[in-house]
Amino acid sequence: MTMTEKSRAAVDERVEHVDVLIVGAGISGIGAAYHLREQFPGKSFVVFDALGGHGGTWWTHRYPGVRSDSDLFTFGYRFKPWRGDSIASSEEILRYLDEVVDENGLDAHIRHQHRVTAASWSTDDRRWTVDVTRGDTGEQLRFTTGFLWMCQGYYRHAEGYTPEWPGLDSFQGQVVHPQTWPADLDLTGKQVVVIGSGATAATLIPAIAADAAHVTMLQRSPTFFLARPRTHELATTLRALDIPAEWTHEILRRAHIAELDALTRMSFETPEELRALLIEGMRAELPEGFDVDRHFNPRYRPWQQRIAMLPDGDMFAAIREGKASVATDTIAEFTGTGIRLTSGEVMEADVVVTATGFDLSVFGDIAFTVDERPVDFADTVTYRGLMFTGLPNLAYVFGYFRYSWTLRADLISDFVCRLLRHMEEKEATMVVPTLRDSDAGMQLGPWVDPENFNPGYLTRSVHLMPKQGDREPWTHLHEYYEERDLLPAAGLDDGTLVYR
Ligand SMILES: Cc1cc2nc3c(=O)[nH]c(=O)nc-3n(C[C@H](O)[C@H](O)[C@H](O)COP(=O)(O)OP(=O)(O)OC[C@H]3O[C@@H](n4cnc5c(N)ncnc54)[C@H](O)[C@@H]3O)c2cc1C
């Protein structure tokens with residue numbers, strides 16, 4: 009026996025089997041574990057996460073002011089009332105997730121520092137074999153499972169995306185990405201340039217503006233912002249009336265969903281009207297004479313990229329107070345002491361924050377094989393944006409862009425549990441989405457149509473993601489108003505899910 013064979017044999021001796029294996033202990037993975045435990049108390053399951061704790065996005069991101077962008081009545085689960093303001097800090101979200109874990113005994117199932125590196129499906133054995141590396145000890149572990157529930161999010165947690173700029177190496181100040189924010193970074197009295205104008209920049213700028221000498225948001229092109237009250241007035245009213253938290257949660261969910269429905273429909277039906285409304289809203293918050301058209305009138309249609317919410321208009325307040333400003337230009341090069349812009353202007357900076365987004369991770373950077381053939385997700389077609397042709401016994405949670413992610417996570421959990429129940433009833437041990445004869449030659453398009461939604465991290469990497477077709481169930485609908493009735497009613501025996 010070679011050394012490799014010996015170590016593989018040692019791994020095999022300790023193989024543990026679970027009915028369901030969940031990858032990722034962020035808001036999706038914790039939600040999946042909750043629904044599975046509720047609906048199938050008898051099923052064995054584990055949740056693996058590469059990080060040292062649970063919470064995913066809210067564990068990773070530690071820059072000043074980290075908060076939700078959408079309201080917590082819909083970003084929170086439908087089964088656990090949210091009791092705070094609509095917009096919440098990451099500490100509050102982590103506390104909420106901790107409560108879900110504690111109240112439902114999920115801790116015993118979650119294993120931190122467990123990075124899944126490979127997953128191999130065997131049709132003969134009707135199971136996935138999953139390889140795991142422990143982050144703390146380096147140990148290699150092996151598990152088998154009947155169903156793989158992918159809740160690994162969509163971006164690499166270890167580091168964010170930073171473009172290459174000429175001269176960056178010569179810059180003598182500090183360059184920081186929000187995803188890997190140094191805990192001891194002191195910005196007191198510093199000139200700070202934040203590159204980017206997405207939700208991260210908008211969160212960070214008001215949070216650091218008080219300490220820094222000045223913060224400049226440097227953007228290549230503008231973003232739509234919408235100032236919203238941190239606390240919904242309806243929540244204040246209901247709480248004053250001592251209405252039970254469960255009712256308040258449900259009423260506020262409906263109120264927020266109705267507002268998002270209206271905004272989303274308007275973005276498709278009367279986009280220019282919505283643009284005008286958003287711009288007038290921003291103009292009202294900005295100082296007299298501010299060049300709103302140059303800095304806050306995007307080239308794209310509203311909602312073609314995320315509309316960034318500003319709780320109580322906090323970033324506009326920092327601009328009004330002269331603590332923050334906006335520059336719309338491109339970077340020609342970094343100098344020793346700052347950034348030279350294409351217009352010729354030079355911005356001096358002690359610290360540059362690259363709020364330039366994520367690095368898309370396709371299915372957790374896991375090497376997948378099906379019956380020993382490597383899987384390229386770009387060659388697969390999605391079944392309703394949650395399963396994939398040729399991949400048996402696997403579901404993936406990908407949330408909404410325009411609505412809260414968790415609205416879809418809850419819907420997918422219900423779907424997966426319904427599917428598992430259906431398999432039990434049929435005594436099937438395998439389910440695989442399969443194109444019908446009538447789907448041959450179907451027009452295929454990208455995972456997300458760029459006409460619909462096109463932020464940088466998707467545009468850069470969408471070619472690596474599964475495709476969608478031109479008909480149900482091979483489409484990936486991105487709107488809650490389309491899916492909330494469709495997914496619960498979707499037939500499981502229409503011939504597109506093949507059982508064995
Ligand atoms: C700062 C910030 C604010 C946001 N605010 C909102 C908001 O207000 N509303 C909204 O809808 N969306 C928001 N988003 C988007 C947000 O990422 C999602 O809504 C949601 O948190 C995703 O949850 P998730 O559990 O699916 O994925 P994640 O939070 O990304 O968690 C995935 C987990 O899987 C683990 N994992 C990945 N690969 C592996 C592997 N191979 N092995 C083991 N573990 C693995 C990761 O370590 C991670 O813990 C925000 C994003 C950021 C960065």
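Numbering (the working numbering), first residue to last: 9 to 508. Every residue, glycine too, gets a C-beta built ideally from N, C-alpha and C. Computed from a predicted model, the values in this text were never measured in an experiment.
* Are there 16 or more other CB atoms within 10 angstroms of the CB of V23, so buried, or fewer, so exposed? -> exposed
* Using the C-alpha atoms, what's the distance from L494 back to S130? -> 32 angstroms
* From H484, G206, L149, pick the residue whose C-alpha is nearest to that of G365; which is it? -> G206
* Continuous beta strand (DSSP E) assignments of at least 3 residues falling wholly in the stretch 145-212 -> 148-158, 182-184, 199-203
* Segment limits, beta strand (DSSP E) that includes S333 -> 332-336
* Asked: Could you give the distance in angstroms between the alpha-carbon of V334 and the alpha-carbon of V202?
  -> 10 angstroms
* Asked: Is any heavy atom of ligand 1 found at a distance shorter than 6 angstroms from the C-beta of R410?
  -> no
* **Distance CB(G34)-CB(G64) smaller than 7 angstroms** => yes
* To do: Mind checking which residues open and close the beta strand (DSSP E) that includes G346?
  => 346-349
* Asked: Residues in its own chain within less than 8 angstroms of T343 by CB, not counting five upstream and five downstream?
  -> G175, S178, F179, V354
* Backbone CA spacing between E172 and E341 [nearest angstrom] -> 10 angstroms
* Asked: Taking DSSP as the reference, what is the three-state secondary structure of Q313?
  -> coil
* Asked: Bridge partners of R368, per DSSP?
  -> Inspection of the sequence shows that residue 368 is occupied by Leu rather than by Arg. DSSP, once it has assigned bridges, lists Y163 as partnering L368.
* In the DSSP assignment, find the unbroken alpha helix (DSSP H) run with F276 in it and report its ends. => 253-277
* Considering only C-alpha positions, which residue in the set G146, R150, G143, D144 is nearest to L137? -> A quick correction: the sequence has Thr, not Leu, at residue 137. Among G146, R150, G143, D144, the Cα nearest to that of T137 belongs to R150.
* Using DSSP bridges, identify the partner residues of P441. => L505
* Measuring CA to CA, which of E329, L29, A116 is closest to T153? -> L29
* So what does V124 bridge to, in DSSP terms? -> V140
* Asked: Less than 6 angstroms between the CB of D502 and some heavy atom of ligand 1, yes or no?
  -> no
* Asked: With contact counted as at least three CB pairs below 8 angstroms, one residue from each stretch, are the stretch 220-232 and the stretch 302-310 in contact?
  -> yes
* Endpoints, beta strand (DSSP E) assigned at T131 -> No beta strand (DSSP E) holds T131; DSSP gives it neither H nor E.
* **Backbone secondary structure at M290 - three-state DSSP** => helix
* Asked: Can you list, in chain order, the stretches of the beta strand (DSSP E) that have 3 or more residues and sit fully within the stretch 417-480?
  -> 439-441
* Would you tell me roughly how many angstroms separate the C-alpha atoms of W67 and E99, rounded to the nearest one? => 9 angstroms
* Going straight from the alpha carbon of T437 to that of A248, what length do you get? -> 52 angstroms
* Secondary structure at V300, three-state DSSP: helix, strand or coil? -> helix
* **Counted within 10 angstroms of its Cβ, other Cβ atoms place E111 as buried (16 or more) or exposed** => exposed
* Look at the alpha carbon of V470 and the alpha carbon of A448, and state the distance between them as a whole number of angstroms. => 23 angstroms
* Asked: Could you give the distance in angstroms between the alpha-carbon of K88 and the alpha-carbon of F298?
  -> 43 angstroms
* Asked: Excluding sequence positions up to five away, which residues of its chain have a Cβ less than 6 angstroms from the Cβ of F155?
  -> V28, N401
* For R238, verify whether its CB is less than 6 angstroms away from any heavy atom of ligand 1. => no
* To do: With a 10 Å radius around its C-beta and 16 neighbouring C-beta atoms as the bar for buried, classify V506 as buried or exposed.
  => exposed
* **Sheet register partners of Q227 (DSSP bridge)** => T336
* To do: For the alpha helix (DSSP H) containing Y488, list its first residue and its last residue.
  => 488-497
* Asked: Can you list, in chain order, the residues of its chain whose CB lies under 8 angstroms from that of V383, leaving out five sequence neighbours each side?
  -> F376, T377, G398, L399
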